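Undergrad: From first to last, the protein sequence lines are chains R, A and H. Here the first sequence stands for residues 1 to 102, numbered as in our numbering. Here the second sequence stands for residues 103 to 742, numbered as in our numbering. Here the third sequence stands for residues 743 to 916, numbered as in our numbering. Quick reminder that beta carbons are idealized off the backbone N, C-alpha and C, glycines included. In this text, all values refer to a predicted model and were calculated from it rather than measured experimentally. Dumping the structure here so I can ask a few things about it.
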Amino acid sequence: MNHLSTYLIISALLFSLGLLGILQRRSLIGMLISVELLLNAANLNFMAFNCFLAPDPATGQIIALFVMGLAAAEVAIGLSIILALFRKMHSVNIELAQHLRG
Amino acid sequence: MGEFLKDPVFLATVLGTTLPFFSMAAILILTRSNPGLSSKISLAAISTSAACALYLLVKLHSAPPVQFRTLWFTSGNLNVTFGYYLDSLSLLMLTIVGVISCLVQVYSVGYMAGDPGCSRYYAFQSLFAWAMMNNVIAGNMLQLFVFWELVGLASYFLIGFYYEKWSASQAGKKAFVMNRVGDVGFLLGLIFLLIYFGNLEIPELNHAAATHGMPRGLITVSALLFFCGVIGKSAQFPLLTWLPDAMEGPTPVSALLHSATMVAAGVYMFSRIFPFFSVSPDAMEITLAVGTVTMLLSATMAIVSYDVKAVWAYSTISQLGMMVMALGAGGYFAGVYHLTTHAGFKALLFLCSGIFIHEFHTNDMRIIGRQGGRRLKIPMVCMTIGALALSGVFPFSGFFSKEAILAVLAAHPNKTWVAAGLLGTVFTAYYSFRLIFLILFPEGGIAGKAHGPHADSAQGNEDEHPGYIFWTMAIPVMVLAGATMVLGFVENPLRRFLDRSIQTLAVQYVAGHEGMAGRILILGSCAGLFGIALSWFEFGRKGAGRIGFVGRFPAVWKLFDRRWFLDDFFRKSLDTVVYGGLSRLSVKNDNRVIDGGIDGICHLTEGVGRRLSFLQSGMLQYNLLVMLLGAGAAIILLLV
Amino acid sequence: MQTLDFLTQTAFCAVIGLTVLGAMIAVFPHNILYNVLGLALALSGIAGLYLFLGSFFIALMQLLIYVGAICIAIVFGIMLSRPLHQEVPKRAVPKVALGATACTMFFVAAVTVALKTDWRPSPGRGEDLSLWSVQRIGELLLTRYELVYEVISLVLLVAIIGAVVTAGFSRRLP
């Protein structure tokens, strides 16, 4: 069971679930949560390759660390944007934000 | 090239025919503001040309035809040359054009004195002289056509000379357009000739052997197409209404172009390729018919006109019809001889009328008569001489040429033509002398002139009137009158001269039978004298009604006056066919098809955009969705 | 040894199950708090997986950063944006169907790639255990990957400033 392909499948599953969330959730925060899932799936992928294939295992971990850091930064900004949008629209329903409709 | 320049004949030809071009260029570019200088330049050029023409006539009158040519362009099998062909016909025409142009330009010095557009006038006179001279010595049909068109252009400029006057510019346009309509036929004839003959050289065209190769029907069609050009240029039926309108131009222009030379270009072209025409009897019959109709129609129009210039204009059309009749009946010499004499006395008539118009500032013959026209002795006498020539009275030149024509017509098996010719002679004499008598014996006597200074200007040295103006106008008139009196007696030398060019081409033509000549002579003279007597009866004698026998039938009078409603017919057909039909079609095409097409593309684009705008929902998730679907599809494709 | 193996395998499957369950809870329910909790669960599961992948450090980091900071921040966001009172309109069926199709396609594609490729370990790979230590990571961070380290600090700084400004602007507007 401790095989590379297992981890790859898990990460693919997580990524698909995250995609599903992004595509069909109407709440902005829900979308943000799904984005977190995406990032984590990618991170898992990196770590799996790092463990099984990479020459220097430290490199992969550093990459994973940086991805986590960036995810944190992204959440911060994302939340502040959601907040600003909430103040404007008084809702976090993304289907109400259609000003660019043409 | 060097030995050509040493040849005096070549030199004289080139000099004579291209000097007027340089004079035109010089006047238009350099001396536009100086009328005196312009007139001198033009006169110098034309006198040199006339001198060259006379020199050539004298030098080559007993020589075989001379031809100079150089290759102009080739296209496939076709070689088109540019050059001069000097045989008796072209030498004769060259002399006529040169001498009469010279006289008319001398006359213009007096007539156009003080006119602000004088330089322009002389420039266009030079243009005309150049174009006409090159036209008559052209060696091939294409060159002839090019200069034919240039002559039409010069005519347009000169008719519309007083361009600020609406009727003048309209008349110029009408003349040009009607000429053009005829030239369409001419061009088609040229194309026919090119296709079947492959060569446009005139000597070769006239050579009998060449035409034996072509099928008869084709020759008839080509000949008729060329005749279309003659109809346009020489004002035959139905394209004859431009010539009376062309009287809007100055009188010297009418004298030169529209009586003696330009309108004769059509007749000249006919005689130039006369052997070609004469191969097809059907074409000759048709031209005979057209010429007869023209002659009679325009003679009737002249009978009811009160405008001096209009009478002579209709008369020109009528005499041109007569020339065409002669040529159509096979009388080559008769047609050309009448062309020569007509040039002389018609120019004379126009120039005399010009003197009257210049004096009395009116074209109406009744007013001229009433204001003492007959007191101007020189013009009156010369005009009478011209009218006598026109009516065919012995011993003037017109008598001999008209007799020649009637003789040719009499030789034709169908006698209606000669009857028509006699009727035409009666009409001609009638209307010419109607004019003479209306001026000589005006109704109610001479009322005296409204303006003082021009009275009694017979001697021309009045204080207001510088002497030279009168004499520059009087001398050409007197020269022409002298020529009219003399030209009749050179018939036989001229016949021999012209026969040479026809004989060398070895084509048969109808010679006038000597047996009929005596009877026709008597009949012709009687017809002329009868016409004069009729007009005397109506207009000349004291107490005459001065209505004329046509005037008693107002409906007929109206028919003749309205030019047999030809103008109305043209106007109406133009309006319906061209404006109503073609223009409307083009406008519809422009609006619906072109505009519609382009607008349609716009609407299509806009419509498609509008339909597809639903894709821009502004919803983030749909964008992502589509992106992913696309990516997924791509990946699967790559995997599979 | 067998029992240890067996236990390890069971634990492995349990962790995987927890992760997937957490992910499903994070995506499917309508209640946003359930989603957050599901996310936390999933992230913890992933931390467990990192353990199985041999990196203690990263597992800890995962718990610290994601579960400890990000999930809390999201909860704060939920608190401030109050989505719980709002009614949820019906979902459009085509949207859901197309979304599901896209995700399934992607999943199939990824799995196919993962299974079909011949994964070969890189030749430079050794069995040196010292490479797995945290010390090694620290050394690399401050020597070879120094630039990236500094840059990410900068990124974090900018992100925080940006977050403050964005949230602050909208406050001033009426």
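1. Using a beta-carbon distance below 7 Å, is Gly59 of chain A in contact with chain H?
2. So what does DSSP say about Val168 of chain A, is it helix, strand or coil?
3. Taking 7 Å as the threshold (beta carbon to beta carbon), is Gly720 of chain A in contact with chain R?
4. Grab me the residues of Thr197 of chain A's own chain with a C-beta within less than 7 Å of its C-beta, minus the 5 sequence neighbours each way, in chain order.
5. Going along chain A in order, which residues have a C-beta closer than 8 Å to the C-beta of Leu19 of chain R?
6. Taking all protein chains shown into account, do 16 or more other C-beta atoms lie within 10 angstroms of the C-beta of Val92 of chain R, making it buried, or fewer, making it exposed?
7. Consider the Cβ of Ile703 of chain A: report whether some Cβ of chain H lies at a distance smaller than 7 Å.
8. Where does the unbroken alpha helix (DSSP H) through Gly759 of chain H begin, and where does it stop?
9. Between the alpha carbons of Ile814 of chain H and Gln61 of chain R, how many angstroms are there, rounded?
10. Taking the C-alpha atoms as reference points, what is the distance between Ser559 of chain A and Asn301 of chain A?
11. With DSSP collapsed to three states, give me the class of Thr464 of chain A.
12. Which value, in whole angstroms, describes the spacing of the CA atoms of His163 of chain A and Tyr187 of chain A?
13. Which residues in the same chain as Pro658 of chain A place their Cβ atom closer than 8 Å to its Cβ, once the five residues preceding and following it in sequence are excluded?
14. Can you give, in chain order, each stretch of the beta strand (DSSP E) that sits fully within the stretch 667-716 of chain A and has at least 3 residues?
15. List the residues of chain R whose Cβ lies closer than 8 Å to the Cβ of Leu882 of chain H, in chain order.
16. Based on the DSSP output, what are the partners of Asn242 of chain A in its beta bridges?
17. Going straight from the alpha carbon of Ala146 of chain A to that of Leu255 of chain A, what length do you get?
18. Take the Cβ of Thr172 of chain A as the centre, count every other Cβ of all protein chains shown within 10 Å, and call the residue buried at 16 or more, exposed below.
19. Taking 7 Å as the CB-CB cut-off, is Met1 of chain R touching chain H?
20. Should the stretch 348-357 of chain A be called in touch with the stretch 387-405 of chain A, which here means at least 3 C-beta pairs below 8 Å?
21. Could you check if Asn50 of chain R is buried or exposed, using at least 16 other CB atoms within 10 Å of its CB as the buried criterion?
22. Under 8 Å: do the stretch 456-471 of chain A and the stretch 418-433 of chain A share three or more Cβ pairs, one atom per stretch?
23. What does Tyr265 of chain A pair with, by DSSP beta-bridge criteria?
24. Would DSSP call Tyr887 of chain H helix, strand or coil?
25. Is the number of C-beta pairs between the stretch 235-248 of chain A and the stretch 379-387 of chain A that are closer than 8 Å three or more?
26. Please state if the CB of Thr402 of chain A and the CB of Phe662 of chain A are separated by a distance shorter than 7 Å.
27. With DSSP run on the structure shown, which of helix, strand or coil describes Phe339 of chain A?
28. What runs of the alpha helix (DSSP H), each 4 residues or longer, lie entirely inside the stretch 339-377 of chain A?
29. Considering Cα atoms alone, identify which of A:Val438, A:Tyr223, A:Thr120 is closest to Ala504 of chain A.
30. In the DSSP assignment, the beta strand (DSSP E) including Tyr408 of chain A goes from what residue to what residue?
31. Under 7 Å between the Cβ atoms of Val283 of chain A and Ser336 of chain A?
32. I want to know whether the stretch 35-48 of chain R touches the stretch 3-13 of chain R - three or more CB-CB distances under 8 Å.
33. Counting only beta-carbon atoms, is Ser786 of chain H nearer than 7 Å to chain R?
34. Below 8 Å on C-beta distance, what does Leu727 of chain A contact in chain H?
35. Using the rule of at least 16 other Cβ atoms within 10 Å of the residue's Cβ for burial, across every protein chain shown, is Tyr434 of chain A buried or exposed?
36. Based on Cα-Cα distance, which residue from A:Ala215, A:Gly212, A:Phe259, A:His444 lies nearest to Ser228 of chain A?
TA: A quick look at the data gives this:
1. No answer is possible for residue 59 of chain A: it lies beyond the span of chain A, which begins at 103 and ends at 742.
2. The count along the second sequence starts at 1 and reaches residue 168 of chain A at position 66. Correct three-state label for Val168 of chain A: strand.
3. Taking the first residue of the second sequence as 1, we reach residue 720 of chain A at position 618. So, interface residue.
4. Translated into positions along the second sequence, residue 197 of chain A becomes position 95. Ala155, Leu156, Leu159, listed in sequence order.
5. The count along the first sequence starts at 1 and reaches residue 19 of chain R at position 19. Leu730, listed in chain order.
6. Along the first sequence, one-based indexing puts residue 92 of chain R at 92. By the 10 Å Cβ count, Val92 of chain R comes out buried.
7. Taking the first residue of the second sequence as 1, we reach residue 703 of chain A at position 601. Output row for Ile703 of chain A: interface = no.
8. Position 17 of the third sequence, counted from the start, is the residue given in the question as residue 759 of chain H. Per DSSP, Gly759 of chain H belongs to the alpha helix (DSSP H) from 744-769.
9. Residue numbering aside, residue 814 of chain H sits at position 72 when the third sequence is read from its first letter. Residue numbering aside, residue 61 of chain R sits at position 61 when the first sequence is read from its first letter. Cα to Cα, Ile814 of chain H sits roughly 24 Å from Gln61 of chain R.
10. Walking along the second sequence from the start, residue 559 of chain A turns up at place 457. Walking along the second sequence from the start, residue 301 of chain A turns up at place 199. For Ser559 of chain A, the predicted structure reports a pLDDT of 41, less than 50, and the residue's modelled location is therefore unreliable. A value from the coordinates is still provided. The straight-line gap from Cα to Cα measures roughly 58 Å.
11. In the second sequence, counting from the first residue as 1, residue 464 of chain A sits at position 362. Reduced to three states, the DSSP call for Thr464 of chain A is coil.
12. On the second sequence, position 61 is the one that residue 163 of chain A refers to. On the second sequence, position 85 is the one that residue 187 of chain A refers to. Between His163 of chain A and Tyr187 of chain A, the C-alpha separation is close to 14 Å.
13. Stepping through the second sequence from its first residue, residue 658 of chain A is reached at position 556. The question names Pro, but residue 658 of chain A in the sequence shown is Val. Around Val658 of chain A: Val652.
14. none
15. As a working mapping, residue 882 of chain H is identified with position 140 in the third sequence. Chain R residues near Leu882 of chain H: Ala58, Thr59, Ile62.
16. Residue 242 of chain A sits at position 140 when you count from the first residue of the second sequence. Paired residue(s): A:Glu303.
17. In the second sequence, counting from the first residue as 1, residue 146 of chain A sits at position 44. In the second sequence, counting from the first residue as 1, residue 255 of chain A sits at position 153. Ala146 of chain A and Leu255 of chain A: Cα-Cα distance of roughly 23 Å.
18. Taking the second sequence and counting its residues from 1, one reaches residue 172 of chain A at position 70. Label assigned to Thr172 of chain A: exposed.
19. Along the first sequence, one-based indexing puts residue 1 of chain R at 1. It does; some Cβ of chain H falls within 7 Å.
20. no
21. For the purposes of this step, residue 50 of chain R is taken as residue 50 along the first sequence, with counting starting at 1. Buried, since its Cβ has 16 or more Cβ neighbours within 10 Å.
22. no
23. Translated into the one-based positions of the second sequence, residue 265 of chain A becomes position 163. According to DSSP, which records beta bridges pairwise, Tyr265 of chain A is partnered with nothing at all.
24. On the third sequence, residue 887 of chain H is found 145 positions in, with the first residue counted as 1. Looking at Tyr887 of chain H - three-state DSSP - the assignment turns out to be coil, as it is neither helix nor strand.
25. no
26. Indexing the second sequence from 1 puts residue 662 of chain A at position 560. Indexing the second sequence from 1 puts residue 402 of chain A at position 300. In contact: Phe662 of chain A and Thr402 of chain A (Cβ atoms closer than 7 Å).
27. Here residue 339 of chain A corresponds to residue number 237 of the second sequence, with the count starting at 1. Coil, per DSSP.
28. 344-347, 353-357, 364-374
29. Looking up residue 504 of chain A in the second sequence gives position 402. The sequence as given places Lys at residue 504 of chain A; Ala does not occur at that position. Lys504 of chain A has its Cα closest to that of A:Val438, out of A:Val438, A:Tyr223, A:Thr120.
30. Here residue 408 of chain A corresponds to residue number 306 of the second sequence, with the count starting at 1. First-last for Tyr408 of chain A: undefined, no H or E at that position.
31. If you number the second sequence from 1, residue 283 of chain A lands on position 181. If you number the second sequence from 1, residue 336 of chain A lands on position 234. Going by C-beta atoms, Val283 of chain A is not nearer than 7 Å to Ser336 of chain A.
32. yes
33. Walking along the third sequence from the start, residue 786 of chain H turns up at place 44. No, because no Cβ of chain R sits closer than 7 Å to the Cβ of Ser786 of chain H.
34. Within the second sequence, numbered from 1, the residue matching residue 727 of chain A stands at position 625. Those are Lys837, Leu840, Gly841, Ala844, listed as they occur along chain H.
35. Position 332 of the second sequence, counted from the first residue, corresponds to residue 434 of chain A. When all chains shown are included, Tyr434 of chain A counts as buried.
36. What you label residue 228 of chain A is simply residue 126 of the second sequence in a count that begins at 1. When only C-alpha atoms are compared, the closest one is A:Phe259.
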